[in-house]
Amino acid sequence: MARKFLFVALLFILILAGSVVSMADEDNSTVLNNDNANTETPLETSGNLFDNFIGNSPEYETAVAAAEDAVDEAYSAEAVIERYGSLFFDEEVQSEIKFINIINIEHDGKSKNVRDCMISALVADDVDLDYDESLVLMIFIKKDNKFEPLTDPVEGYAWFLTKVSFPNAGKDNPNHMRFVVFPKNSYNNLELNVNLQITDMEHVVVVPKLKEYLINAQQSLKRFLDIIYESE
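Each residue of the sequence shown is one higher than the last, beginning at 1179 in this note's numbering.
Okay, here's the thing in structure tokens:
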């Protein structure tokens, strides 16, 4: 956020400088040769006045380069996951630090699918964020002994609310989740228990017994077909 503000401020200053130069050009394009006659004598300029005034200055080039670097270094959730994947998905890793707590999972009342739920979480009281800083929450689900994104990453300052669809239902098929939380401004230098929270949690989607039986049968058939498909 701070980088974006600086970049916008830089553009505003450059536009203002160009306007000043343009006004100066209009004032000097006409000169008086004597008291009785006015003769227009255009100022001889090569190229754009704006470029002549500031475009070739080292300070301008440095500022533009810095702005371009800031854009190149923009946050990317995919890049963060790729960079820290070995840490995010280490099954032995659990953090003591907590950026969020009071994680609550409830069925989405707007959906008839028992697997559709809403996950809410509150930012811990002792978390002190800068004015331009937010927390990033990533939620992963364990499938076939691998962690996969359960939903898109979300950002928040005080609380989070996101909709998910769990793959498993029934007491015999718990959903193994992993919550990864960190300040967005720290994404380039994440360190467990310093600026990174990793918390595991299980959630069981409760269904009526008959429906649970049908769901379990469906899931068993799907796993069987997957095994056959992989063996071909």
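Heads up, the beta-carbon is just placed ideally off N, CA and C, and yes, glycines get one too. This one's a predicted model, so the numbers in the text were calculated from it and none came from an experiment.
Gly1348 to Val1382, Cα distance in whole Å?
The residue you call residue 1348 lines up with position 170 of the sequence shown. The residue you call residue 1382 lines up with position 204 of the sequence shown. Whole-angstrom Cα-Cα distance: 6 Å.
Leu1307 - partner residues in DSSP beta bridges
Position 129 of the sequence shown, counted from the start, is the residue given in the question as residue 1307. According to DSSP, Leu1307 bridges with nothing at all.
Consult DSSP for Ile1259 and reduce its assignment to one of helix, strand or coil.
The residue you call residue 1259 lines up with position 81 of the sequence shown. Note: Ile1259 maps to helix in three-state DSSP.
Simplified DSSP state of Arg1401, which is helix, strand or coil:
The residue labelled residue 1401 in the question sits at position 223 within the sequence shown. Helix.
Span separating the alpha-carbon of Val1292 from that of Val1385
Within the sequence shown, numbered from 1, the residue matching residue 1292 stands at position 114. Within the sequence shown, numbered from 1, the residue matching residue 1385 stands at position 207. Their Cα atoms are separated by approximately 7 Å.
Three or more beta-carbon pairs under 8 Å between the region 1350-1360 and the region 1313-1332, yes or no?
Taking 8 Å as the limit for Cβ pairs, the verdict is that the region 1313-1332 does touch the region 1350-1360.
Starting from Asn1279, trace the beta strand (DSSP E) both ways and give me its first and last residue.
Here the question's residue 1279 lines up with position 101 in the sequence shown. That run of the beta strand (DSSP E) goes 1278-1285.
Who are Asn1353's beta bridge partners in DSSP?
Counting from one through the sequence shown, the residue named residue 1353 turns up at place 175. Asn1353 is bridged to His1381.
Counted within 10 angstroms of its Cβ, other Cβ atoms place Ile1405 as buried (16 or more) or exposed
Translated into positions along the sequence shown, residue 1405 becomes position 227. Ile1405 should be labelled exposed.
Any idea what DSSP makes of Ser1409, helix, strand or coil?
Indexing the sequence shown from 1 puts residue 1409 at position 231. If DSSP states are grouped into helix, strand and coil, Ser1409 belongs with the helices.
Straight-line CA distance for Phe1338 to Asn1323?
In the sequence shown, counting from the first residue as 1, residue 1338 sits at position 160. In the sequence shown, counting from the first residue as 1, residue 1323 sits at position 145. Roughly 27 Å between the two C-alpha positions.
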